[in-house]
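Number of protein chains: 2
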Amino acid sequence: MKAVSQAITIRDVARKAGVSAATVSRVLNGNTGVREPARIAVERAVKALNFEPNLNARRLSLGRTFTLAGIVPFFYRPSYVERLRGLESVLSPSPFDLVVYNVESVHSRDRFFDELVRPDRFDGVVVISLRPEDAHVRAFARSGVPVVLVDAAHPKLPSIHEDSVLGGYIATRHLIELGHRRIAIICDELNAPLSIIGSHANQSRLEGYRKALTEAGIPIDPSLFREGPHAKHLARSLARDLLLAPDPPTAIFAVSDTHAMGVLEAARDLGLSVPRDLSVIGYDDIEVAEYLNLTTINQSLFESGKRGAEMLLAMLEADKAGEGQTAPAPDAPLTEEIEIRLVVRGTTSAPPHGR
Amino acid sequence: MKAVSQAITIRDVARKAGVSAATVSRVLNGNTGVREPARIAVERAVKALNFEPNLNARRLSLGRTFTLAGIVPFFYRPSYVERLRGLESVLSPSPFDLVVYNVESVHSRDRFFDELVRPDRFDGVVVISLRPEDAHVRAFARSGVPVVLVDAAHPKLPSIHEDSVLGGYIATRHLIELGHRRIAIICDELNAPLSIIGSHANQSRLEGYRKALTEAGIPIDPSLFREGPHAKHLARSLARDLLLAPDPPTAIFAVSDTHAMGVLEAARDLGLSVPRDLSVIGYDDIEVAEYLNLTTINQSLFESGKRGAEMLLAMLEADKAGEGQTAPAPDAPLTEEIEIRLVVRGTTSAPPHGR
DNA sequence: CTGAAAGCGCTTACAG
DNA sequence: CTGAAAGCGCTTACAG
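These protein sequences, in sequence, are chains A and B. Residue numbering for the first sequence follows my numbering, starting at 65 and increasing by one per position. Residue numbering for the second sequence follows my numbering, starting at 65 and increasing by one per position.
What follows is the structure in structure tokens.
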């Protein structure tokens with residue numbers, strides 16, 4: 065038998081404390097002027113009744129939801145889990161709940177942008193690895209809900225992101241410095257719908273790769289470029305192709321650690337020893353990278369989520385302070401660059417002799 | 065300049081449609097009797113104004129939150145991510161949002177159980193891999209908020225979980241059938257706080273291991289049992305110890321794939337070839353298991369989350385139907401067992417000759 | 001079928 | 001300092 069006890073309200077507390085509901089509310093909200101005896105009576109009653117104010121009533125009354133949204137593609141992939149972990153680390157001690165929305169298509173992205181960025185839904189939202197279009201951004205502004213971008217950028221929105229061109233450059237540069245000249249690159253599909261709405265990190269890393277080669281006077285060989293969906297087994301077959309070609313690369317830059325895992329498999333399949341016969345560098349530095357002893361680029365995944373959440377909380381704080389007085393948004397919203405760094409492990413070395 | 069447009073309300077719609085707010089509400093809620101012309105006028109106005117009812121007002125008025133909580137330890141670990149993915153798959157097309165709470169200590173578990181399981185907070189909660197105590201369960205019942213357990217059990221609560229004893233048995237049995245007799249086991253710390261409040265899967269798997277050995281007439285050698293925190297590098301050193309002992313095991317049962325990864329590393333460190341010199345079986349079948357070609361036990365992680373969410377939605381549905389009339393809770397709440405199965409891959413084989 | 005009114009449980013100007 | 005009252009934006013018995 066479910067004997068659901070009727071929830072107690074602020075009026076019950078008021079009665080017990082011998083004051084009005086308004087006074088109870090005031091002490092609950094740490095309000096300034098409440099005389100000592102009243103305050104004490106209220107605190108006693110609250111404790112005695114184990115009272116907790118009804119959250120939905122507060123939400124309606126205050127016009128705040130105490131909830132934040134995170135909009136993120138493929139939330140279950142290790143790199144996104146790591147970013148979410150960063151979010152969680154700052155939100156968990158805050159009064160805000162986080163609800164995560166998983167986008168797997170352009171359609172769901174649009175739906176989320178439309179339906180979620182409303183003041184009665186969320187106090188703020190963080191968008192990860194997705195680039196809102198101008199129309200979205202205008203709607204965000206109209207809604208008054210602060211939005212911050214993690215691993216993406218827009219001129220009108222605060223954001224925290226890496227310099228992906230630099231990342232691609234550093235990775236490629238590392239291989240060049242080791243003595244490689246035939247360096248292949250394996251990317252996510254450039255024209256997949258989610259690549260297009262995504263952070264464009266792929267394209268930028270490719271650009272960095274080209275830049276490094278050009279700078280070193282190494283001609284860009286289109287046959288050393290492959291693209292395929294974000295999946296190990298596909299990267300594996302792309303790498304296999306590459307390695308079976310007449311003039312195979314001595315090094316492969318994989319645009320994510322997941323891709324790199326596929327490359328490692330392909331090498332194993334073909335009996336190639338890494339790094340002796342083939343150097344491999346990944347990107348992201350997800351947890352398994354260390355286990356696999358994979359050389360990679362660390363892009364501060366956790367930190368990016370952490371900073372994103374911090375920026376959002378700061379904006380919320382500022383809004384609360386500047387209540388009503390329509391703070392003119394700065395022309396150039398806060399944009400931060402996150403640190404990236406090369407992590408040299410065991411899958412890269414000088415190329416085989418005579419290559 | 066933030067030009068926040070004032071949100072439109074049901075009254076605006078009513079005015080535009082030339083009806084009362086009550087009527088608007090009725091059509092919005094798909095209510096039975098609203099005459100055609102009124103309905104159409106309202107639908108027009110709703111569309112024209114792009115009206116979306118204020119969620120917080122609905123919450124307060126209806127006494128429902130349209131939000132569910134997930135309470136889970138170490139949410140970022142691959143096995144929990146997989147369970148959460150199962151939850152997400154059923155919740156995402158539902159009208160419910162999910163907020164995930166990460167527990168890393170007994171204290172946070174208690175706090176979440178106390179603060180979250182309240183009708184003004186959540187319409188339902190799913191608890192993963194955590195065993196609430198009787199006092200908690202009584203409080204849950206008083207709150208009237210339905211709670212379902214995933215990967216844990218309690219006589220008074222609906223749940224979905226594996227038979228961990230059987231899992232441990234099957235894993236061990238596999239090694240025995242291959243011909244092994246010196247079979248070690250590496251567990252999570254049995255006395256760590258979170259093991260104690262956890263699902264006790266560890267202890268049960270250990271029990272299954274003992275059962276299989278006993279049944280096969282193999283004496284249980286305490287020196288073949290090791291326990292340590294859930295971390296690869298620790299499992300690695302435990303395994304190293306084991307393998308360096310005078311009479312080392314020919315096979316190791318690791319109680320999670322993560323532990324198994326540590327074992328694999330230890331074998332590599334010592335120049336042992338797996339499975340030729342050492343067989344290794346893990347548990348969970350997380351994504352990397354396939355990549356590592358690890359033999360393991362698949363415990364339907366995704367499915368468990370999926371079923372947990374489905375059970376909760378069904379309870380919510382039932383509650384809505386039986387409104388008010390205090391449905392007598394069944395004496396024995398719904399308990400389902402999830403499928404587990406042995407996945408034989410490349411890390412197990414017959415023991416070396418002469419062992 | 002439909003509207004006016006009360007109610008959900010808070011918060012906060014407004015008086016005093 | 002403190003209380004009575006209005007208001008947040010819905011929903012839903014209650015009349016008609």
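Glycine is no exception: its CB is placed at the ideal position from the N, C-alpha and C atoms.
query: Contacts around TYR144(B), its chain only, beta-carbon distance under 8 Å, and the 5 residues preceding and following it disregarded; result: VAL136, PRO137, PHE138, ILE192, SER193
query: Cβ pair count under 8 Å reaching 3, the region 251–267 of chain A against the region 180–189 of chain A; result: no
query: Those residues which DSSP pairs with ASP187(A) across a bridge; result: Paired residues: none, contrary to the question.
query: Residue-level contact to chain B via CB, PHE115(A), 9 Å cutoff; result: no
query: From HIS294(A), ILE249(A), GLY292(A), residue whose alpha carbon lies closest to that of GLY272(A); result: ILE249(A)
query: Which of helix, strand or coil DSSP assigns to ASN166(A); result: strand
query: Nonlocal neighbours in the same chain, by C-beta distance under 8 Å from ILE261(B), ignoring five residues either side; result: VAL170, ARG173, LEU194, ARG195
query: is_contact[PHE177(A), chain B] using C-beta, thresh 9 Å; result: no
query: Check: LEU180(B) C-beta below 8 Å from any heavy atom of the ligand ATP; result: Among the components of this structure there are no ligands whatsoever, and the ligand ATP is therefore not found.
query: Whole-angstrom distance between LEU132(B) and HIS225(B), CA atom to CA atom; result: 20 Å
query: Proximity test, Cβ basis, 9 Å: VAL407(B) and chain A; result: no
query: Top-ranked residue by Cα proximity to GLY335(B), from LEU307(B), ASP215(B), SER320(B); result: LEU307(B)
query: 6 Å Cβ shell around ALA71(A) - same chain, five flanking residues per side excluded; result: none
query: Complete runs of the beta strand (DSSP E) confined to the region 276–313 of chain B [at least 3 residues]; result: 289–291
query: Where ALA71(B) falls: helix, strand or coil (DSSP); result: coil
query: ARG405(B): first and last residue of the uninterrupted beta strand (DSSP E) it sits in; result: 405–407
query: Residue from ASP348(B), PHE130(B), GLY127(B) whose Cα sits closest to the Cα of ALA235(B); result: ASP348(B)
query: Within chain B, the residues that TYR355(A) reaches when beta carbons sit closer than 7 Å; result: LYS296, MET325
query: Short CB-CB distance (under 9 Å) between LYS66(B) and chain A; result: Confidence in LYS66(B) is poor, its pLDDT being 40 and thus under 50, which makes the residue's placement too unreliable to answer from.
query: GLU374(B) classed as buried or exposed, judged by whether at least 16 other C-beta atoms fall within 10 angstroms; result: buried
query: Contact residues within the region 352–382 of chain B, judged by C-beta distance below 7 Å to chain A; result: VAL352, TYR355
query: Euclidean distance between Cα positions of ASN357(A) and THR411(A); result: 7 Å
query: Chain A contact for THR411(B) (CB, 9 Å cutoff); result: no
query: Residue burial classification, THR359(B) (beta-carbon count within 10 angstroms, cutoff 16); result: buried
query: Element boundaries [alpha helix (DSSP H), containing PHE366(B)]; result: 365–385
query: Collapsed DSSP secondary structure at LYS80(A) in the structure displayed; result: helix
query: Coarse secondary structure for THR236(B), derived from DSSP in three states; result: helix
query: Classification of GLY39(A) by the beta-carbon crowding that lies within 10 angstroms, buried from 16 upward; result: The structure shown does not extend to residue 39(A), since chain A is modelled only from 65 to 419, so the question has no answer here.
query: For VAL91(B), three-class secondary structure by DSSP; result: helix
query: CB of VAL209(A) within 9 Å of CB of ARG182(A), strictly; result: yes
query: Residue range of the alpha helix (DSSP H) that includes PRO142(B); result: 142–155
query: Backbone secondary structure at ASP349(B) - three-state DSSP; result: coil
query: Beta-carbon gap between LEU151(B) and GLY369(B) smaller than 9 Å; result: yes
query: Exposed unless 16 or more other CB atoms sit within 10 angstroms - verdict on LEU221(A); result: buried
query: Amino acids of chain B, ordered along the chain, whose beta-carbon sits closer than 8 Å to that of TYR347(A); result: Result: empty, since nearest Cβ-Cβ is about 17 Å, beyond 8 Å.
query: Exposure of ARG237(A), with buried meaning 16 or more beta-carbon neighbours within 10 Å; result: buried
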